[in-house]
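Student:
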Amino acid sequence: MKISGIPLWGWMAAAALYVGVAAAAVEFAWDRSIDALVEIGAHRLDLYAASLGSELGRYEMMPSIVARQESVRALLSAMPHPPAGLLQTVNTYLDAVNREAGSVAVDVIDQHGLVVAASNWNRPESFVGTNVSYRPYFQDALAHGSGRFFGIGTNTGMPGLYFASAVREDGGPIGATAVKVSVDALESAWRVPGVAAMVIDSNGVIVISTVPAWKFTSLRPITAQQQRQIQASRQYAGRSVEALPHRRLGDWDTSAWFARFPDWGRPGHERRYLAMSRTAPQAGDSIMILLDVSSARRQQQIALAFVTGGFLIIGLYCLYAIQRRRAIAEKLRAQDALRRANDRLEITVRERTAALTQANERMREEIVERTRTEQLLRDSQQEVVHAGKLAVLGQMAAGLTHELNQPLVAIKTLCDNARTFFERNQPAPAIGNLERISRLVDSMAILTSELKTFARKPEFERVAVSLNEAVAHAVLIYEARIRDEQVQLDVLIPAGTTICAEPSQLQQVIVNLLGNALDAVADQDKRVIAIEASRTERPSRVRFTVSDSGAGIAPEVLAHLFEPFVTTKPRGRGLGLGLAITSRLVDGFGARISAANRPNGGAQFTIEFSVATEQEAANGR
Ligand code: ADP
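The opening residue of the sequence shown carries number 9 in the numbering used here; numbering runs sequentially from there.
1) Measure the C-alpha to C-alpha separation of VAL619 and PRO502 and round it to an integer number of angstroms.
2) Among the residues of its own chain, which have a CB less than 6 Å from the CB of ALA37, if the five just before and after it don't count?
3) Assuming contact is defined by CB atoms lying nearer than 8 Å, are ARG279 and PHE269 in contact in what I supplied?
4) Name the DSSP bridge partner or partners of LYS339?
5) So within the region 243-282, which uninterrupted beta strand (DSSP E) runs reach at least 3 residues, ignoring any that extend past its ends?
6) Straight-line CA distance for PRO253 to LEU227?
7) What does a CB cutoff of less than 6 Å around SER217 pick up in its chain, not counting 5 residues either side in sequence?
8) Quick one: is ASP5 buried, meaning 16 or more other Cβ sit within 10 Å of its Cβ, or exposed?
9) Please confirm if PHE552 has its CB atom under 8 Å from at least one CB of chain B.
10) Taking the CB atoms as reference points, tell me whether ILE561 and ASN605 lie closer together than 8 Å.
11) Considering only heavy atoms of the ligand ADP, does any lie closer than 7 Å to the CB of LEU7?
12) In the DSSP assignment, find the unbroken alpha helix (DSSP H) run with GLY65 in it and report its ends.
13) With a cut-off of 8 Å on the beta carbons, I'd call ALA23 and VAL315 a contact; round off their distance for me.
14) DSSP three-state call for LEU169: helix, strand or coil?
15) In whole angstroms, give me the CA-to-CA distance for ARG199 and ASN130.
16) Using the beta-carbon count (16 or more within 10 Å), is ALA104 buried or exposed?
17) What number of angstroms, rounded off, separates the C-alpha of TRP260 from the C-alpha of ALA283?
18) Closer than 7 Å: is that where the CB of ASN520 sits relative to any heavy atom of the ligand ADP?
19) What separation, rounded to the nearest whole angstrom, lies between the Cα atoms of LYS465 and GLU359?
20) The ligand ADP heavy atoms versus the CB of ASN524: any closer than 7 Å?
21) Please classify ARG380: is it buried, with 16 or more other beta-carbons within 10 angstroms of its beta-carbon, or exposed?
22) Let me know if GLU195 comes out buried or exposed under the rule of 16 or more other beta-carbons within 10 Å of its beta-carbon.
23) In this structure, does DSSP put MET9 in helix, strand or coil?
24) Start and end of the beta strand (DSSP E) containing ILE238?
25) Give me the Cβ distance between ALA82 and LEU94, rounded to the nearest whole Å; I'm assuming they're in contact under 8 Å.
26) Taking the runs of the alpha helix (DSSP H) that are 4 residues or longer, which of them lie wholly in the region 535-600?
27) Alpha carbons only, please: which of LYS420, ASN425, ASP424 is nearest the one belonging to LEU448?
28) Using alpha carbons as the reference points, say which of VAL219, HIS89, ASP39, ALA337 lies closest to ASP192.
29) What's the C-alpha gap between ALA329 and GLU338?
30) For ARG247, which residues of its own chain have a beta-carbon under 8 Å away from its beta-carbon, when the five flanking residues on both sides are left out?
31) Let's test the definition: count the other Cβ atoms within 10 Å of the Cβ of THR621 and tell me whether it reaches 16, buried, or not, exposed.
32) How far does the alpha helix (DSSP H) with ARG5 in it extend, from its first residue to its last?
33) Alpha carbon to alpha carbon, how far is ILE445 from ALA436? Give it in angstroms, no decimals.
34) Which term fits ASP54, buried or exposed, when burial requires 16 or more other beta carbons within 10 angstroms of its beta carbon?
35) Can you check which of these residues, ALA240, ALA50, PRO90, is closest to ASP118 by C-alpha distance?
36) What residue ranges within the region 310-392 form continuous beta strand (DSSP E) runs of no fewer than 3 residues, ordered along the chain?
Given below as structure tokens:
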């Protein structure tokens, strides 16, 4: 299976490669970003530790300096009944020092924990008169010389860091001095986007936090003993310490780990952070920072986008290259196919041209051959016409000889008789004989004139010819034979039937048809020949028929009747030219000849002549 010309395994390999590269890129981006974050975090921790150290260091020595002040020592020495002026002096001094140092308050505490003088002696929240013996910083100061403590002011309710120092007289403590420092400035200085910073005390309680809500919440479970101690020292001004819900997820390296904490930007949600911490003994226990890893996630998304974009570009380029290669291959194939088709076409054209040339050559040869044959045919037809004419002439000559012989014999007899009558001096019968001789000579002259007409050179001009006369002349030629053979000849031609033909040729046509009819009835018992003419239903046409009572046309001859040399007559009697000549002559008249056997026996030849036009009639005159 292929998609866009690439097999399925190709797509799957590309997808696997993409997944692999994307996973590696995302992992790499994550590692790099977290490494960078760890570096940033380390710097921040350094910075916070340094700022915390310097901030608190500023105040660390303050209680011991105040403790060395003569008026303070005098005041504590004079306790419990200090002179009023001295108290005022100390209060003023403390106020001045507090202002100078920028701390929250500076107190002087007697050895029973009672605050006897304070920088805020004249303000409502003043500590004067308050007993702080329960505070660990006081207890530590009396016991060890100095004390330190994170706590919430019981009067002010303000969180702060307490430093304390013992005031000694003759080697023993007679009281203590305490300085309370605010961490508000630190918190606001540490607040940067994407980072939560906090200071955790030895109880695991967050005492400084850039996230206000987390302040005085605990990261560790508070033990019962710790709880008692907290209650006793009123460290958090009686507040209950809640646990900050969080979970350690896994270490990144030795200095950083992932942890799930409440999202400080979105209350009610949790989020994964990169956590780092450092011990900070001067402030409590440790400084911890939480770093937002969304920048790493963004880096992952950017890396994924890069990889996806790169893959898309490379993939699209590959697809383009494949399509291009395929298109080029297709084009080449098409060109090849076209070339092959062209070659085939050329070959075919060459072959066809050669075949055509050959065919042309053959045709030219055939034309030459046909022309030669036509010429030959024309020559032989002319010869045939001529031969036919000769044959008819022969028949005519025989007929004439027969016709002329009888009158000549009669003339000889009449002449001999006339001479005898003259010798006997009988002129009347001699004159009668001479008159009969004259009539016989006239009829002989008619016969010879007929012969002259027939022998006349054929004229090809068509003229109006009287069909009646043409038939009469033909009948005259065969008169002796008709009479001798006792043939019944019925001529039924309306008087004045004029058709368009050439006179001598028309006569030859009728002589041929009549001769054939006489031949056909010769050996029949019933010898009837009918020559008829009538106007047809087609205007300007005359149907002319010669019918006989013969045996009819032989079936094998019928189809080739008008072809030359077709004959059933014995050698010497028929040449088979008569009908061929007849048909050609009839064609020349613009007429049509046909032959058929009649249903009641005998043959019938039909010619459809055109009726002569005025012009042809004029030509004929
Ligand atoms: P020929 O008379 O020399 O044979 P024709 O061309 O005149 O040549 O006639 C060809 C043949 O047609 C004849 O041999 C004969 O068989 C046939 N034919 C012509 N006229 C008739 C007819 N009236 N009756 C029967 N057969 C005929």
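Here a beta-carbon is modelled for each residue, glycine too, at the ideal position from N, C-alpha and C. Keep in mind it's a predicted model, so treat the numbers as computed, not measured.
Tutor: Straight from the coordinates:
1) Counting from 1 along the sequence shown, the entry for residue 619 is found at position 611. Counting from 1 along the sequence shown, the entry for residue 502 is found at position 494. If I take the Cα positions, the gap works out to 13 Å.
2) Residue 37 sits at position 29 when you count from the first residue of the sequence shown. These residues qualify, in order along the chain: GLN307, GLN308, ALA311.
3) Numbered from its first residue, the sequence shown carries residue 279 at position 271. Numbered from its first residue, the sequence shown carries residue 269 at position 261. Yes, Cβ-Cβ distance for ARG279 and PHE269 is below 8 Å.
4) By 1-based counting over the sequence shown, the position of residue 339 is 331. Answer by DSSP bridge pairing: none, since LYS339 is not bridged.
5) 255-259, 264-270
6) Looking up residue 253 in the sequence shown gives position 245. Looking up residue 227 in the sequence shown gives position 219. Looking at the two C-alpha atoms, the distance is approximately 8 Å.
7) Translated into positions along the sequence shown, residue 217 becomes position 209. Around SER217: MET206, LYS223.
8) Only positions 9 to 629 of the chain appear in the structure, and residue 5 is not among them; the question remains open.
9) Protein chain content of the structure displayed is limited to a single chain, and chain B is not contained in it.
10) The residue given as residue 561 occupies position 553 in the sequence shown. The residue given as residue 605 occupies position 597 in the sequence shown. Yes, the Cβ-Cβ distance between ILE561 and ASN605 is below 8 Å.
11) Outside the shown range of the chain (9 to 629) lies residue 7, about which nothing can therefore be said.
12) On the sequence shown, position 57 is the one that residue 65 refers to. Counting along the chain, the alpha helix (DSSP H) containing GLY65 begins and ends at 16-68.
13) For this step, residue 23 is matched to residue 15 along the sequence shown. For this step, residue 315 is matched to residue 307 along the sequence shown. In fact, because the Cβ distance is near 13 Å, the residues do not count as touching under 8 Å.
14) For the purposes of this step, residue 169 is taken as residue 161 along the sequence shown, with counting starting at 1. Strand at LEU169.
15) One-based indexing of the sequence shown puts residue 199 at position 191. One-based indexing of the sequence shown puts residue 130 at position 122. When rounded, the distance between both Cα atoms is 34 Å.
16) Residue 104 sits at position 96 when you count from the first residue of the sequence shown. Exposed, since its Cβ has fewer than 16 Cβ neighbours within 10 Å.
17) Within the sequence shown, residue 260 is the residue found at index 252, counting from 1. Within the sequence shown, residue 283 is the residue found at index 275, counting from 1. Distance between the alpha carbons of TRP260 and ALA283 is about 9 Å.
18) As a position in the sequence shown, residue 520 is number 512, starting the count at 1. Answer for ASN520: yes, Cβ within range of the ligand ADP.
19) On the sequence shown, position 457 is the one that residue 465 refers to. On the sequence shown, position 351 is the one that residue 359 refers to. Per-residue confidence for LYS465 stands at a pLDDT of 45, beneath the threshold of 50, marking its modelled position as unreliable; no derived number is given.
20) Locating residue 524 in the sequence shown gives position 516, counting from the first residue. ASN524 Cβ: within cutoff of the ligand ADP.
21) Along the sequence shown, read from residue 1 onward, the residue named residue 380 stands at position 372. Result: exposed.
22) For the purposes of this step, residue 195 is taken as residue 187 along the sequence shown, with counting starting at 1. Label assigned to GLU195: buried.
23) Along the sequence shown, read from residue 1 onward, the residue named residue 9 stands at position 1. In the structure shown, MET9 sits in coil (DSSP, three-state: anything other than H, G, I, E or B).
24) As a first step, residue 238 is located in the sequence shown; it is residue number 230 there, counting from the start. Unbroken run through ILE238 is the alpha helix (DSSP H), 232-241; no beta strand (DSSP E).
25) Position 74 of the sequence shown holds residue 82. Position 86 of the sequence shown holds residue 94. With a Cβ gap of about 6 Å, ALA82 and LEU94 count as contacting.
26) 563-566, 586-596
27) Position 440 of the sequence shown, counted from the first residue, corresponds to residue 448. The residue with the shortest Cα to Cα distance from LEU448 is LYS420.
28) In the sequence shown, counting from the first residue as 1, residue 192 sits at position 184. Per the Cα distances, VAL219.
29) Locating residue 329 in the sequence shown gives position 321, where the first residue counts as 1. Locating residue 338 in the sequence shown gives position 330, where the first residue counts as 1. Cα to Cα, the separation comes out at about 14 Å.
30) Reading the sequence shown from its first residue, position 239 is the one you call residue 247. Result list for ARG247: ILE160, PHE224, in chain order.
31) Working through the sequence shown from its first residue, we reach residue 621 at position 613. It counts as exposed.
32) The structure shown does not extend to residue 5, since the chain spans only 9 to 629, so no value can be given for it.
33) Taking the sequence shown and counting its residues from 1, one reaches residue 436 at position 428. Taking the sequence shown and counting its residues from 1, one reaches residue 445 at position 437. The alpha-carbon atoms of ALA436 and ILE445 are separated by roughly 14 Å.
34) Here residue 54 is taken as the residue at index 46 of the sequence shown, counted from 1. That one is exposed.
35) The count along the sequence shown starts at 1 and reaches residue 118 at position 110. For the residues ALA240, ALA50, PRO90, the minimum Cα distance to ASP118 belongs to PRO90.
36) none
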